[in-house]
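K.L.:
Take 80 as the starting number for the sequence shown in this note's numbering and just add one per residue.
For reference, the structure I am asking about is given below.
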Amino acid sequence: MIWRRLGTVALVSALSLAGAGCLLRQPGPYVLRRTAGLALLYPPRYDAAAQPVTFGLRLGGGAACRGLAGSYRNPALGLQWSLAQRKLAVTLAPAITQFGTRLPVELLQGFQDLHRSLDQAVSLRCLAPARKAALLRRLTEGLPMAPGLAQAILLGPFTTQKFVDVAAPVELDLTYATHPDQPGRYDLGYVDSLYRLVADDAVGRGHLALVRRRVHRAAAGEPLPPLPLALAAPRLPSYFRMFFHLRKSRSNHDVALLVAANRAALERATQVLLSKPNQCDQLAGSDAQCLQAPPEVGLEARLAITLQGRNATVALPATVDQALIAAGVHDPADVLPTLRVERPYGAGWAQVVAAGPPRDLLDLTLSGGERIVW
């Protein structure tokens, strides 16, 4: 059961909220409002008098789950959480509304540690992946906050930790030239492929499935080269983590994909790569491997959204402006009169409206699952 407490209001069951889906389909809009120079997203049904906001859940499982523990407390930054005896409680305070695009590293680390605790609970089967995702989504719906912070809560603070997990709504884009002997000659033809994690078990492991493949500029009937990275399904269900800033030197930054058979192996290999970026080639074992993209190969994490009713992706950190340009809109400002953006909220969606200039909507940071039409 996921619960939420507003000040001293009684606990609310996630099951009862799901049963009241008819009430959640039209919750009112998100309001994007600039306050003291900060762009904050005010959630539907926000009650300024009901603060702070506490969310929580109870883990299942036995002794291993009861042994999970962790905490973070920083009232000045607006976040505190604790996990003990299978009970998790997360409290967001109004102080969290003070931040705009420049988020304190300490706050992001607090959410990173929360992600680690939740992931460990999932790997031990104390928590279903869907319940983890639901809790993180609910955290973004409790108080006004910077859209970038909402993205960091849902996806993990990838800008500071230098990696992001490939799992919904994050997908993986692979781009490479059609002539392996001339890997930099994209003008002779190239392949753009999108992969999505398909879960194979109850702890969120799976395989990368090809969603689409597009061939550009190549001659008709020209055979495609083999994949420059072995993205085929591993022998066992796996976790996938993309590193987009392996700093080998001041001018040499590489991207790589870490594939691990279990959560412990994933975290061990992560620490190796963060401390020794040159060790990717040496990370080869039965429980983890590192796939490094050649310099001429594009490997990119992208965020899944819907554009004009069709599934699409946009490069992280992902804004409405970027999504429109990727969709072929030459000047996004031209579509502002008819632009409509909806974010997931509760069991449905809520429209985002700008309290100030409509152009503010173009700078909105996306968190995945948004619907954009114009």
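Glycine included, C-beta positions come from ideal geometry on N, C-alpha and C.
Considering just the uninterrupted stretch of the alpha helix (DSSP H) at residue 414, what are its terminal residues?
P.N.:
Position 335 of the sequence shown, counted from the first residue, corresponds to residue 414. Premise fails: residue 414 is in no alpha helix (DSSP H) and is neither H nor E.
K.L.:
Evaluate residue 428 with the Cβ neighbour count: other Cβ atoms within 10 Å of its Cβ, from every protein chain shown; 16 or more gives buried, anything less gives exposed.
P.N.:
Your numbering for residue 428 matches position 349 in the sequence shown. That one is buried.
K.L.:
Buried or exposed for residue 411, going by 16 or more other Cβ atoms inside 10 Å?
P.N.:
To locate residue 411, count along the sequence shown from 1; it is residue 332. It is buried - the Cβ of residue 411 has at least 16 other Cβ atoms within 10 Å.
K.L.:
Run through the DSSP bridge pairs and tell me what residue 339 is partnered with.
P.N.:
Position 260 of the sequence shown, counting from 1, holds the residue named residue 339. Looking at the DSSP assignment, residue 339 forms a beta bridge with 318 and 367.
K.L.:
Counting pairs of beta carbons, one from the region 105-112 and one from the region 191-205, are three or more of them closer than 8 Å?
P.N.:
Output reads no: the region 191-205 does not touch the region 105-112.
K.L.:
CB residue 308 to CB residue 336, shorter than 8 Å?
P.N.:
Reading the sequence shown from its first residue, position 229 is the one you call residue 308. Reading the sequence shown from its first residue, position 257 is the one you call residue 336. Yes. Within cutoff.
K.L.:
Looking at the strands, I want to know which residues DSSP matches up with residue 419.
P.N.:
As a position in the sequence shown, residue 419 is number 340, starting the count at 1. Beta-bridge pairing links residue 419 to 452.
K.L.:
Count Cβ pairs between the region 212-231 and the region 266-280 that sit closer than 8 Å; are there 3 or more?
P.N.:
The region 212-231 is not in contact with the region 266-280.
K.L.:
Taking only three categories from DSSP, how would you classify residue 231?
P.N.:
Within the sequence shown, the letter at position 152 stands for residue 231. Note: residue 231 maps to helix in three-state DSSP.
K.L.:
List the DSSP bridge partners of residue 284.
P.N.:
Sequence index remark: in the sequence shown, residue 284 carries index 205 (1-based). Residue 284 is not bridged to any residue.
K.L.:
My understanding is that residue 445 touches residue 402, with C-beta atoms under 8 Å, so please give their C-beta distance in whole angstroms.
P.N.:
Here residue 445 refers to the residue found at position 366 of the sequence shown. Here residue 402 refers to the residue found at position 323 of the sequence shown. Confirmed, about 7 Å.
K.L.:
Residue 395 and residue 381: beta carbons closer than 8 Å?
P.N.:
Against the sequence shown, residue 395 aligns to sequence position 316. Against the sequence shown, residue 381 aligns to sequence position 302. Cβ distance < 8 Å, so residue 395 and residue 381 count as in contact.
K.L.:
Just confirm the distance between the C-beta atoms of residue 187 and residue 236, as a whole number of angstroms; I'd bet it's less than 8 Å.
P.N.:
Looking up residue 187 in the sequence shown gives position 108. Looking up residue 236 in the sequence shown gives position 157. That pair is a contact at about 4 Å.
K.L.:
Any chance you could list the beta strand (DSSP E) runs of at least 3 consecutive residues sitting entirely within the region 212-259, in chain order?
P.N.:
Taking only runs of at least 3 residues, the beta strand (DSSP E) segments lying wholly in the region 212-259 are 242-244 and 249-256.
K.L.:
In terms of DSSP beta bridges, what is residue 269 paired with?
P.N.:
Along the sequence shown, one-based indexing puts residue 269 at 190. Answer by DSSP bridge pairing, in chain order: 256 and 295.
K.L.:
What's the gap between the Cα of residue 341 and the Cα of residue 202?
P.N.:
On the sequence shown, position 262 is the one that residue 341 refers to. On the sequence shown, position 123 is the one that residue 202 refers to. If you take the alpha carbons of residue 341 and residue 202, they lie about 8 Å apart.
K.L.:
Just to confirm my understanding: we take residue 102, look at its own chain, exclude 5 residues before and 5 after, and list those with CB closer than 6 Å. What are they?
P.N.:
Within the sequence shown, numbered from 1, the residue matching residue 102 stands at position 23. Per-residue confidence for residue 102 stands at a pLDDT of 42, beneath the threshold of 50, marking its modelled position as unreliable; no derived number is given.
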